[in-house]
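The opening position of the sequence shown corresponds to residue 662 in our numbering, with each subsequent residue numbered one higher. Every residue, glycine too, gets a C-beta built ideally from N, C-alpha and C. First up is the structure itself, then whatever we jot down about it.
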Amino acid sequence: MRLLLIDRDPAELSGIRWFLHTYFPGDVTIELCTSMSEAPQSIQQFEPDAILLNIDLFPNNRLTALNHTFQKYSGAILAMTTEPLFKNALKAIDLQVQHLFVKPIDLEVLKQKLTTISLRTPLVNNATVEEASEESFYYQLFIDSKPSSVKAAIHFTMIEPEHLETLKKLFNWLQQTAIHYHMQVYPLSDSIVCLFQTNDMKIVEKDVRTLIKEWRLTSNSSLNIGIYDGEPTTLKNMYIFTKRALHQSFYEGFGHIFYASKQFEAQPFDPLLTPEEQQLLISSLEEGDLETVKTFLYQLSNEGIYYEQDDLRIHLTSVLAQIRRFMLKYKLHEKAAIEQNYRQLFHLIIEHPIFYTILNGIISFTQRLIELARKARMEKRADYVELAIEIIDQQFQDSRLSLPFVAHKLGISPNYLSTIFSKKQGLPFKRYLQQTRIHNATKMLVETDFAISEIAQLNGFEDPNYFIKIFKLQIGMTPNRYRKSY
């Protein structure tokens, strides 16, 4: 768009020019004219699409050559005035001015008026690209690996909306912006490809920044825009590299520009929880230690360290599995609202595009579970047998572990624990504890070279002879013979 600014104050004109060059959603070329006597020559040489003039400088005499020049002018005229006087309004009407501003000009309104004018301006296609049909474009984008028929004077970009349901609205909006006159727009299932018909990267960067800003004002949501800035290649390769660059939004969020040449390097990462990590999470949940859970999760988002999205999602579903165990233990899954929130959290982990939102969702849900579990304990609705088994699994190496010890920790009587434990597990508490210790001892006999007496102590038996006796009763042979059999 070509715009001619006419006013005697060069400083004010320079300010308007700076604003439009910075914030106008599209290419705009601006010429300044500080004298009404020079206006006819500027109009003839510059051929502006629109004129913004100070109408205070315009003569009242309709017979002047200047008046004749403006009467013949076919573009849009906007005017400004220092004072909203009736005579100035008459001049504006006579010139068929589309809008009369009173100084100081509201620059946002000026931008809106010029945007409307630019949309009505007939497009003279000076593009150096060869227009391809949509069918040909999509074929090149996804299938064809041969050199593209699109020439070098384009820039490939992809736009992703923050909310996928606004994709159609975004597509329609892009077709109505002033920038649209020099770009081709192609919708995909989750994004929009825009081919900017220019080889000037600065123009593209200015336009995409404007798109992000204007879309936020229009829809109260953000965009991410990927720009291919590599060597000329096929449309298919441009798409692959730019799409990969947009994957960085998983860490960075929305409202950003990502370049195909600037991509993070993913670090190797085992997505499955180790036994130690599982134990840490369970212990933290039991103790109501939300800060430890937060620390564990936030270490995944340390600045400058990146992992593959799929690995992180698998890792977080493993975390969710530990949370599920905690829910089942306290019968929290029986609460319909909690169960629904759990399922929603699962989908959040699998589907949500922003990692930080997923982490906050897990933390918020975990905090609620800890509070409900605390209430469940107070109401004695917890499964005491499951809690006792959890304590055994955690502390069976401690020789002091006993039925009274566990009962005291759970806040119930030893007799009550003994009764419900035997009823649910089918064997007494002491026998279950011995089985747990002997089971772990069998592993140590095979996997380590520790002495029998040391294995006994590491599994809660202070007396090695008693350990050998219990081992033989349960396994059918002595620890020494068991080790030799392997």
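Three-state secondary structure (DSSP) of residue i
i	result
I966	coil
F762	strand
E892	coil
G887	strand
N715	strand
P1014	coil
Q1086	helix
L948	The question names Leu, but residue 948 is Glu in the sequence shown. The answer is helix: DSSP assigns E948 an H, G or I state.
H917	coil
T935	coil
A1112	coil
Q705	helix
H847	A small correction: the amino acid at residue 847 is Tyr; His does not occupy that position in the sequence shown. Note: Y847 maps to strand in three-state DSSP.
I853	strand
F957	helix
F1132	helix
H908	coil
R870	helix
T1027	helix
L756	coil
E1123	coil
K772	helix
H976	helix
I984	helix
E673	helix
I691	strand
I943	helix
T1208	The structure shown does not extend to residue 1208, since the chain spans only 662 to 1147, so no value can be given for it.
I738	strand
P1140	helix
Where residue i falls, given that 16 or more other Cβ within 10 Å makes a residue buried
i	result
D868	buried
N885	buried
G1121	buried
H1008	exposed
F803	exposed
K752	buried
V763	exposed
I1050	buried
P1014	buried
Q983	buried
M899	buried
D668	buried
I1099	buried
H824	exposed
V854	buried
N722	exposed
Cβ neighbours of residue i in the same chain (closer than 6 Å, five flanking residues each side left out)
i	result
L1078	A1068
S1060	G1121, E1123
F919	G887, A906, L907, Q909
I1131	Q1095
L1134	none
K992	none
F987	L946
L828	P822
H917	N885
I778	A711, A737
N860	A814
P1075	L1064, P1065, A1068
Close-in-space but distant-in-sequence residues of the same chain around residue i (CB under 7 Å, 5 per side omitted)
i	result
E792	Low per-residue confidence applies at E792: pLDDT is 46, beneath 50, and the placement is therefore not dependable enough to give any value.
R877	S883
L665	E692, C694, S703, I704, F707, P709, I712
S852	M819, I820, E821
Distance between beta carbons of residue j and residue i, contact taken as under 8 Å
i	j	result
G914	Y1017	7 Å
S945	L1020	Going by Cβ atoms, the distance from S945 to L1020 rounds to 15 Å, so no, they are not a contact pair.
L977	I1010	5 Å
L718	M741	Incorrect: roughly 10 Å between the Cβ atoms, too far for contact.
F902	A927	In fact, because the Cβ distance is near 15 Å, the residues do not count as touching under 8 Å.
L768	F680	5 Å
F925	Y967	4 Å
F1026	L1006	5 Å
Cβ neighbours of residue i in the same chain (closer than 8 Å, five flanking residues each side left out)
i	result
I1081	Y1045, V1046
I1024	L951, V954, K955, L958
P671	L693, T695
T1139	I1129, F1132, K1133
L1062	I1052, I1053, Q1056, L1094, G1121
S1146	M1138
K830	S880
M1105	F1111, I1116, L1119, N1120
Completely contained beta strand (DSSP E) runs for the region 1051-1110, where each covers 3 or more residues: Secondary structure in the region 1051-1110: no beta strand (DSSP E) run of 3 residues or longer lies completely within the stretch.
Contiguous alpha helix (DSSP H) assignments of at least 4 residues, all confined to the region 817-843: 828-837
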